Structure formats: structure tokens, C-alpha cells
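Residue numbers (the working numbering): 2 to 527.
For each residue, glycine too, the CB sits at the ideal point set by N, CA and C.
Predicted model, so just to flag it, every value in this text is computed and none were measured.
First comes the structure, then the notes that go with it.
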């Protein structure tokens, strides 16, 4: 495709400096951006020229990068697929080069991430309820809107290519509708649309929901989460904006087994938060031998920090015994799938003469755990396929260190999972609560007196974090809450993360440029 169809590839309002741009790689966050007073990026100039050609005169083929984005949106909507799993396969299938892959990534993730806001705009431009549209047509419109309002794609190219995509993969029938609707969208800039959508609205949650493309219930939940973890509620817009920034890829070299040299030679830079980490602006990391072998892995630095904090936590004598430097210790990852934290724990266990049992209930995910651990010597680890709630009763007081990274809402990883914000509901929080408590109780039964359990979630919501921990601790007198904030500082480069609050710790995208990982360290008293 000509440059006119790709102007500003990967430079949308919500992912500047992400995987498809060079950007600022500091602390694993997105790059710098130019924002107005409302926090929105202004990527489009005042020029809004577009072709007056009728749909029949427009392009009749599907540009491969836009086709990939369309196929990703369709898989997410029709198959309940995950964009981060579908996208790489489609990029390879269509043979996109790095530039086109970056464009497809921004277009896919941007259209999914901003779906609620774009649907509100489309609702002003379509003469029927959006639910009455063919779902494929609606996805094509979302792709068109993202190009027009949040990427530096000339309007004529966005219109022409979106109509061409529709003609190629949906049929000629809807092309006139798509053309007419997108022409209406071009009548205003994104900021003008946002101002119109929130005009007269006094509810701050509703305004933020539209401006930052989060469901209203999530805006309220994140406000509550900030307060619960000791942060000012006024940070909410910064947090929402951070959720919309495409994250820089975080890498970890498995301690004692891997090296970052190859990644650094290919454009990555050393991480600033934790030892053995690096930040990459993207590209096909699968080309790197160290990544293919599994000795270097893609893993958010927040996950690296909580795993290292558990490995470094001090044990009381009853669990530590006479062993030195962790030799002879038994470690457990109770909810190990898909295996990222298990691989890091396995490498640390290998260095220290410990062993690791990785438990995962789903057989297909247990296979992923085995694959993740394959770079670690096989005599160090074992994978168990079974219900984590049963481990405590089957192997009581058998482990020195236990990681229980419980299933959760994933509200802390919205920037990495662009579709998840529109899938989750408040009911998920109440449904997951009993399981989270049962898994934590199983972990506490499985740990030896004097041993330590790390309770971890990728969510800041108090219903999944502090409420679970306090409920479990309140019912027992043989447990002690360690200072998780100090533990994170001890394993971070330079310390001073400021993540601790009342002995638990919460990482934040807008503060630490990590996923919003929660950590509580609980010692079972001797």
C-alpha cells in the first residue's frame, strides 16, 4: 500500500510509543504523547479531505493489514477469542512485514480498546440501533472509525480502504452504508465527538467512561481500588489513560539459564525496575533464539517482581531447618497456567537447590506450563494436573514457599487485553470471590509452619485483594502478614516503588508502568 494509506501507522491516541512505534521505553510503559486539556491526543490535522467517489468506484480489495485487523475483531466477537493470541497467527498467515504488522496491531487493539466510545459515536451516525447491524458490518465500521479519529491515516484512504475491505470480505451490499456512516464520522474530530457525547453530563464516572473508553462500572471499581490501596482518587484519569497506552514488551532472562544479550543487540533496552529484565518496542520476538528456546521470556515486570519477592522472603526456622540458601526447599505454584511465573520460579529454584511443583487444573494449560518450564532442568520441577483446592488436603504442610496467583477479573491488565474490559461484568467479582478464598486456604494448608504464601492477583479491586486476605486472616490465629511493600522494594532495582499499603502491595500502570499486580505475603507461624 502507498504511504497515503499508512500515514502515521501505529501512532493512535491510545498506543503512542507502543509495539508499533519507537516510543519511550522507560519502566515498561507507553511512549510520550501530545495531549490536550482533556487528556486526548491530537493526531489529525485540520485537513479532512476525502474522496467523493461513489462506493462502486472505490477499492474492491482488502488491504492485508486491515484484513488482519478485521479478522481479529471478528474472532473476538464471534468466537470469544483473545486478541493477543489471534493477532500473531493472522500476521504470520498473511505474511505482513514489520511495518504492516505494526499497523494491524494498532488498528486491532485500538478498535477493540475504544469500542464503547466508538459505538457511542456510531450511534449518532447510523439510522438504526447498532444491534440491528450485521456484526461484521459493525466491526468494519469500528475499524474505519479508529483510522479516521485516532490514527494519522488520511480520511480519503481510511474511507476507501474500509469500503474496499467490506466489499471484499462482506459483500457489495453494505458498502454504501459503510461509506455514508464513515463520511458522517469525518464531520468532527475525536475531541469534538467526545465533547458532544458528554455535553451536559455531570456524573464524573459517565464522563470518564466515554472519554477513556472504559465501562462505567469499571471506572467506579478503579476509583474504589485507588482509595482502598491508599492512593488519591484524583489519579483516576491517569490510570484510565495508562490502561489505554499500548505497553512496551517486557522481557526476562531466566536466572542462571538465559541472557538478554541477543534481545539487547536487537533493540531492547535494560529494564529499570528489576534485575534480568529488558524492554522491547516490539517486532517479531519469535525470531530470537533465546526466546524460541524459552530462556528469555515475555513477562510483565509486575509478574517478575511478585515471583522474586516470594523467592526472597525470609522463612522461620521450622520451615528453613538447617538448610542454607534455600537448598532442599519445596516450592509450589498452585495456579500455574500458562506458566510464566512458574518458569521464573523454576529458574530461581534451580539456582538455589530447591524444587518446584506447578499445579494447573486444565490439561491444555498444564501442557503450556510444561512447555514454559522446559528450559529449566527437568529434575527441578514437576507439573500436576488437578484442582488446586485439593492440594492443601492432599499434601499438607509440604511446601516452604507457595505462590497462589488466583483466577481474577483481570482489571489490572486491561492495557494488554484490549477486549477484556467489554467482556467483564460486576458479577465476575462476586463469582470469583469464593474460589479465591478456597485457593488461598488450600495454599495455607499446603505451606509448612514458618513458610510463606504469596497471594497474587492481576486486579486492584478490593473484593479480590484486601477483602480476600483479611477474611482468611480473620478466621485464623496462626498467620502473620509480612510487609509486601518492603519485599517488593528489596527485589527491585533501587527500591522505593511506593507500592506498599498496610502491609500489602499494589502496583499500578500509571505509577509503575506495570500491570496492576497485587501482592500479600502471609507467613504460617511456627
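{"query": "Through-space distance from residue 306 to residue 277, alpha-carbon basis", "result": "11 Å"}
{"query": "Own chain, CB closer than 7 Å to residue 53, minus 5 neighbours either side, in chain order", "result": "With a pLDDT of only 46 at residue 53, under the threshold of 50, the placement of this residue in the model should not be trusted, and no figure is reported."}
{"query": "The region 336-344 contacting the region 355-372, beta-carbon criterion three pairs below 8 Å", "result": "yes"}
{"query": "Pair within 8 Å by beta-carbon distance, residue 149 and residue 182", "result": "no"}
{"query": "Residue from 479, 480, 496, 481 with nearest C-alpha to residue 487", "result": "496"}
{"query": "Straight-line gap, residue 396 to residue 436 (C-alpha atoms, nearest Å)", "result": "19 Å"}
{"query": "Among 466, 493, 350, 242, the one whose alpha carbon lies nearest that of residue 521", "result": "466"}
{"query": "Cβ pair residue 294, residue 359 closer than 8 Å", "result": "no"}
{"query": "Top-ranked residue by Cα proximity to residue 514, from 164, 498, 527, 523", "result": "498"}
{"query": "Per-residue burial, residue 525 [other beta carbons within 10 Å of its own, 16 or more giving buried]", "result": "buried"}
{"query": "Nearest residue (CA-CA) to residue 246, options 76, 111, 234", "result": "111"}
{"query": "Segment limits, alpha helix (DSSP H) that includes residue 288", "result": "Note, residue 288: premise wrong, no alpha helix (DSSP H); not H, not E."}
{"query": "The region 134-145 / the region 169-181 touching (three or more Cβ pairs under 8 Å)", "result": "yes"}
{"query": "The region 81-98 in contact with the region 60-71 per 3-pair CB rule at 8 Å", "result": "yes"}
{"query": "contact_flag[the region 404-422, the region 456-474] where n(CB pairs < 8 Å) is 3 or more", "result": "yes"}
{"query": "As assigned by DSSP and simplified to three states, the class of residue 306", "result": "helix"}
{"query": "Spatial distance of residue 192 from residue 400 (CA atoms)", "result": "55 Å"}
{"query": "Close Cβ partners of residue 207 (< 7 Å) along its chain, the five nearest in sequence each way excluded", "result": "217"}
{"query": "Residue 419 classed as buried or exposed, judged by whether at least 16 other C-beta atoms fall within 10 angstroms", "result": "buried"}
{"query": "Cβ-Cβ distance between residue 489 and residue 482 below 8 Å", "result": "no"}
{"query": "Where residue 506 sits in the DSSP three-state scheme", "result": "strand"}
{"query": "CA-to-CA distance, residue 511 to residue 239, given in whole angstroms", "result": "6 Å"}
{"query": "Where residue 215 falls, given that 16 or more other Cβ within 10 Å makes a residue buried", "result": "buried"}
{"query": "Residue environment, residue 1, which counts as buried when at least 16 other CB atoms sit within 10 Å", "result": "Given that the chain is displayed from residue 2 to residue 527, the structure contains no residue 1 and the question cannot be resolved."}
{"query": "Residue 431 classed as buried or exposed, judged by whether at least 16 other C-beta atoms fall within 10 angstroms", "result": "exposed"}
{"query": "Alpha-carbon spacing of residue 86 relative to residue 422, whole angstroms", "result": "17 Å"}
{"query": "For residue 378, the nearest candidate out of 352, 494, 235, 390 (CA to CA)", "result": "352"}
{"query": "Short Cβ contact (8 Å threshold) for residue 121 with residue 211", "result": "yes"}
{"query": "C-alpha gap between residue 166 and residue 88, whole angstroms", "result": "18 Å"}
{"query": "Residue 253 versus 265, 243, 242, 244, residue with shortest Cα-Cα distance", "result": "265"}
{"query": "Helix, strand or coil at residue 276 according to DSSP, with G and I counted as helix", "result": "coil"}
{"query": "Enclosing beta strand (DSSP E) for residue 118 [first to last residue]", "result": "Where residue 118 is concerned, there is no enclosing beta strand (DSSP E), although the alpha helix (DSSP H) it sits in stretches over 116-124."}
{"query": "Option nearest residue 243 by Cα separation, candidates 508, 386, 164", "result": "508"}
{"query": "Extent of the continuous beta strand (DSSP E) to which residue 339 belongs", "result": "No beta strand (DSSP E) contains residue 339, which DSSP labels as neither H nor E."}
{"query": "Residue span of the beta strand (DSSP E) that contains residue 92, given as start and end", "result": "Run containing residue 92: none in the beta strand (DSSP E); it sits in the alpha helix (DSSP H), 84-94."}
{"query": "Inter-residue CB distance, residue 393 and residue 447 (contact presumed, cutoff 8 Å)", "result": "4 Å"}
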